[in-house]
Each structure stands twice: as C-alpha cells, then as structure tokens.
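Enquirer:
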Amino acid sequence: MDGNGTVDMVTLAFSDAVMLSAITLGWTKTDSDISVLRYTGTSKPAINGKSISGLFSSGWELVGSYADLTSGTAKSINPLGLYSSLWMISAYSSSYGMTGTGLSNGNDYVKLGSISGKTAPPPTHVPEPGTLALMGAAAAGFIATRRRRKA
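Letter by letter, the sequence shown follows residues 1 to 151 of UniProt numbering.
Following this line, the structure appears as structure tokens:
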C-alpha cells in the first residue's frame with residue numbers, strides 16, 4: 001500500500017465480528033504510517049470510487065492512525081477493543097481527520113505482513129435442562145406445601 005497520489009487500502013472480511021488487536025508490516029520504505037477503519041453499517045458496503053468522506057458517510061469509522069511502524073514488529077491497535085466483520089487498513093491520510101506526532105501524508109510505502117485479533121465471545125445461554133429441572137423442583141415444592149395445608 002502507498003499514499004503517493006491516492007491512498008491504497010486493503011479490506012479484510014470475516015464471517016463473524018473480530019477485534020483486531022495488532023498489525024505487523026512485512027516491508028516498509030520511506031515512511032510507514034497507516035490508518036485502520038471498521039465498518040459499522042448494516043448493508044453491504046460499496047467502496048469502489050468512494051472518497052474518504054464518502055466512506056465515513058456510508059458506515060466506516062476510523063479506529064486509529066499509527067505512525068512509524070517497524071517492519072516485522074507487531075503494533076498494538078484498537079485500544080477500545082472494537083469489533084467488526086469488515087476492516088480496512090490503509091496508508092495514512094490526513095483526510096481521515098486524525099493528525100499527530102509522526103503522521104505524514106504521501107510518503108508511506110508498506111506491505112501488510114500479518115494481523116492479530118480475536119472473535120467476539122459467544123452470548124451466554126441459559127441451559128434448558130437445568131432451567132426445566134429447577135422449575136420442576138419449584139412446582140413440586142409448591143404442590144407439597146399446598147397438600148400439607150389441606151391436611
């Protein structure tokens with residue numbers, strides 16, 4: 001990916017929501033600033049030909065921009081622990097609205113090496129057999145109490 005002229009991006013699609021936690025670049029040249037976005041929309045996103053402001057208005061959200069990544073070293077990202085099934089990693093652009101120390105436009109040349117993350121934990125379910133057993137025990141206790149009162 002590079003940010004020379006246009007901003008190159010890589011889109012990652014997962015079958016379930018994933019929390020990305022680290023990015024490792026496999027190669028860098030000149031500078032190595034990146035931005036990470038996640039999709040929060042509900043319909044399938046169309047990204048071809050969109051401007052950066054067009055991405056934001058169609059459900060993409062900036063997770064963060066990260067300066068001066070080192071090739072072969074994992075960089076922690078996503079400090080809020082956000083989840084999505086669609087992620088976008090791009091060369092940095094100030095058009096995302098985030099500036100900071102070390103972030104610069106146009107001279108970032110990187111190759112994505114690897115990503116790290118985890119899937120969302122499954123929702124907790126109440127086990128049916130245990131619930132039915134408790135309801136049955138409560139009903140039996142109620143019936144036994146009523147029989148004692150009648151006797």
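Heads up, the beta-carbon is just placed ideally off N, CA and C, and yes, glycines get one too.
Fair warning: this is a prediction, and the values are worked out from it, not measured in the lab.
1. What first and last residue would you give for the alpha helix (DSSP H) that runs through residue 47?
2. Cutting at 8 angstroms between CB atoms, please list the residues of its own chain near residue 52, excluding the five before and the five after it.
3. Going by other Cβ atoms of all chains shown within 10 Å of its Cβ, with 16 needed for buried, is residue 91 buried or exposed?
4. Have a look at the DSSP bridge pairing and note the partners of residue 170.
5. So, residue 113 versus residue 11, is the Cβ gap smaller than 8 angstroms?
6. Please go through the same chain and pick out, in chain order, the residues whose beta-carbon is closer than 8 angstroms to the beta-carbon of residue 98, but skip the five residues on each side of it.
7. Is residue 85 closer than 8 angstroms to residue 15 when the C-beta atoms are compared?
8. For the pair the stretch 42-51 and the stretch 65-81, tell me if three or more CB-CB distances fall below 8 angstroms.
9. Please report the distance separating the alpha-carbon of residue 107 from that of residue 2.
10. Could you give the residue range of the beta strand (DSSP E) that holds residue 86?
Expert: In brief:
1. Indexing the sequence shown from 1 puts residue 47 at position 47. It is not in any alpha helix (DSSP H) - residue 47 carries neither H nor E in the DSSP assignment.
2. On the sequence shown, position 52 is the one that residue 52 refers to. Excluding residues within five positions, the ones whose Cβ falls inside 8 angstroms are 7, 93, 95, 96.
3. What you label residue 91 is simply residue 91 of the sequence shown in a count that begins at 1. Classification for residue 91: buried.
4. The question about residue 170 has no answer, for the chain in this structure spans 1 to 151.
5. Within the sequence shown, residue 113 is the residue found at index 113, counting from 1. Within the sequence shown, residue 11 is the residue found at index 11, counting from 1. Going by C-beta atoms, residue 113 is not nearer than 8 angstroms to residue 11.
6. The count along the sequence shown starts at 1 and reaches residue 98 at position 98. Once the five neighbours on either side are set aside, the close Cβ partners of residue 98 are 35, 62, 64, 65.
7. In the sequence shown, residue 15 corresponds to position 15, counting from 1. In the sequence shown, residue 85 corresponds to position 85, counting from 1. Yes.
8. no
9. To locate residue 107, count along the sequence shown from 1; it is residue 107. To locate residue 2, count along the sequence shown from 1; it is residue 2. Each residue's alpha carbon lies about 7 angstroms from the other.
10. On the sequence shown, position 86 is the one that residue 86 refers to. Where residue 86 is concerned, the enclosing beta strand (DSSP E) stretches over 84-91.
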